[in-house]
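These notes concern the structure reproduced below.
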Amino acid sequence: MIDKFVLSLCLFLPVTVAAQDWALRDNDQVLNQAEVDDLTSGQTLTFYDNGQSRFSAGGAYSYTYEGGRSAYGQYTVGPDGTVCIAFQNGFDRCDRYVKSGGRIVMLTQKGERFPLRP
Numbered sequence: 153m154i155d156k157f158v159l160s161l162c163l164f165l166p167v168t169v170a171a172q173d174w175a176l177r178d179n180d181q182v183l184n185q186a187e188v189d190d191l192t193s194g195q196t197l198t199f200y201d202n203g204q205s206r207f208s209a210g211g212a213y214s215y216t217y218e219g220g221r222s223a224y225g226q227y228t229v230g231p232d233g234t235v236c237i238a239f240q241n242g243f244d245r246c247d248r249y250v251k252s253g254g255r256i257v258m259l260t261q262k263g264e265r266f267p268l269r270p
């Protein structure tokens, strides 16, 4: 009986921890699924380090670093607006987008914040 309880607790904890990792600030307004779709689908987002995220309408994704090197993968937008990317190299990650202080900022699960250029 205890083993089933421990197993169910272990299955629940990663979801709870992941939900807390976004490091939202008081003035952050989380974008919903429709807003994130509008922001990303068929769009290129540029960051202040000149890196660019390209979101193809069919789900293809690429990130191009300032020096021209690129990483490729597939992206999906979840019902809560979370963008998850599965890279061809086996790495994956999920991000959130928020409105904060008049700009759009990408948040990582690690708590990093990357504002987008207007």
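Numbering (our numbering), first residue to last: 153 to 270.
Glycine is no exception: its CB is placed at the ideal position from the N, C-alpha and C atoms.
Could you compute how far the alpha carbon of residue i sits from the alpha carbon of residue j?
i: Thr216; j: Asp190; result: 21 Å
i: Ala209; j: Phe239; result: 17 Å
i: Arg248; j: Ser222; result: 21 Å
i: Phe207; j: Asp180; result: 23 Å
At which residues does the alpha helix (DSSP H) containing residue i begin and terminate?
i: Gln185; result: 185 to 192
Over the uninterrupted beta strand (DSSP E) stretch that includes residue i, give me the two end residues.
i: Gln261; result: Premise fails: Gln261 is in no beta strand (DSSP E) and is neither H nor E.
i: Asp247; result: 244 to 252
i: Leu197; result: 195 to 198
According to the neighbour-count rule (16 or more other Cβ atoms, all chains shown, within 10 Å of its Cβ), is residue i buried or exposed?
i: Gly233; result: buried
i: Gly225; result: buried
i: Arg177; result: exposed
Can residue i and residue j be called in contact, C-beta distance under 8 Å?
i: Pro267; j: Tyr213; result: no
i: Gly230; j: Cys236; result: yes
i: Arg269; j: Thr196; result: no
i: Leu183; j: Lys251; result: yes
i: Arg245; j: Thr260; result: yes
i: Ala218; j: Gly194; result: The sequence shown places Glu at residue 218, rather than the Ala named in the question. The answer is no: Cβ separation not under 8 Å.
At least one CB of chain D closer than 8 Å to the CB of residue i: is that the case?
i: Tyr249; result: No chain D appears in the structure shown, which is made up of a single protein chain.
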